[in-house]
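A short write-up of the structure that comes next.
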Amino acid sequence: MYLNPFNDREIEQDKQSIMDIKVKTEKGELIDIEVQINDVDDYKRRSLYYWAKLYCETLKKSNYYYDLKKSIVINILDFNLIKENNKFHNVFLVKERDDNFAFTEDLEIHYLELNKFEHNKNISELNDLEGWVTFLKECEPNGDTNILTKLSKNKEEIGVAVDIMNKLSADELEYQRYLAREKYLMDEMSKKKYAEYKMNKVKEELEEAEKERDSVKQDLNRAKEEKNRVEEENLKMKEELKNIKATLLLELISEKFKDDANQYRAKVQCASIESIEKAIKSLFTIENIEQLDELL
1 MYLNPFNDRE IEQDKQSIMD IKVKTEKGEL IDIEVQINDV DDYKRRSLYY
51 WAKLYCETLK KSNYYYDLKK SIVINILDFN LIKENNKFHN VFLVKERDDN
101 FAFTEDLEIH YLELNKFEHN KNISELNDLE GWVTFLKECE PNGDTNILTK
151 LSKNKEEIGV AVDIMNKLSA DELEYQRYLA REKYLMDEMS KKKYAEYKMN
201 KVKEELEEAE KERDSVKQDL NRAKEEKNRV EEENLKMKEE LKNIKATLLL
251 ELISEKFKDD ANQYRAKVQC ASIESIEKAI KSLFTIENIE QLDELL
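So in full-length UniProt numbering the end of the sequence shown lands on 296, straight run, no missing numbers.
This is how it looks when you write it as structure tokens:
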């Protein structure tokens, strides 16, 4: 049972062709078939999203989970999406990672990549899937009508499709253009939003990198300031220590040589801390004050 008509395919020269068909099987399973010519933003997630919407539709109004039916999404693509292999037909299911048994059969997503299909067999040797893919590749305005004729003769269902395609009226084509245009505009809006999202993300990353750089710069400046502060503290402590030792030396000179200490006050204050320490150690062994001149 078809749940929607052949509803939204755009003309080839606009490079926007999309076809979307929804079908319900006798078992109540839903199948969504989408033909997409151009890659749109994050197409894998897009098809998974459409599967999820399709799956929810099978629940109807009962709200009992056992009423959920298998849902299948078939994506027919005129661009390459699966980079991991060169097969034109890939099927994705939900399976246990290590033992490979099916978790549920309700999810099934197909990707048919037309550009990967190579028509290198006789028409009579094609299986059903290869026959339909050949039909899709050749039903375009620049397709090979001889191949379509041979397909029609060898596969009855494809022959019916060829007849329907040839009988499409101008009004139907215009209606398809309208629907395709509408969906194209929605896809364009989505692509613009996705592009804006990517640009904003890059901008945020740049701003974050700028903040990180500023933070590192601030840390370096703080480290430099701390280093200068410590150096200043060390110099101050060294100067204070020198003053203490100088005072001690002058007191020792005053005690040993009485009033002669004052004449060495300026000289002691100008001496290095090493010279002062040396003078303190030697003061106990020198016999006259003139020997201090050699030490300071």
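C-beta: ideal position from N, C-alpha, C; glycine also. Just so we're clear, the structure is a prediction, and the values are computed from it rather than from any experiment.
Taken in chain order, the complete alpha helix (DSSP H) segments of 4 or more residues contained in the segment 76-160 are 128-138 and 145-154. Taken through DSSP and simplified to helix, strand or coil, I286 comes out as coil.
Proximity to K245 across N75, I21, K278 and L93 peaks at K278, based on C-alpha coordinates. Check the Cα spacing between L93 and each of N228, I72 and F284: the tightest is with I72.
Short of 7 angstroms from the beta carbon of L136, and not among the five residues preceding or following it, lie these beta carbons of its own chain, in chain order: I76 and L114.
S272 is not bridged by DSSP to any residue. Per DSSP, E57 is one residue of the alpha helix (DSSP H) stretching across Y43 to E57. Excluding five sequence positions before and after F117, the CB atoms of its chain that fall closer than 8 angstroms to its own CB belong to F88, E130, V133, T134 and K137, given in chain order. In this structure, the alpha-carbon of I109 lies about 14 angstroms from that of K69. E57 and N86 have their C-alpha atoms some 33 angstroms from each other. Here the segment 155-167 makes no contact with the segment 183-194; the two share fewer than three CB pairs at distances below 8 angstroms. In this structure, the beta-carbon distance from F79 to N38 falls below 9 angstroms. Per DSSP, reduced to three states, the secondary structure at I37 is coil, with no helix or strand assignment.
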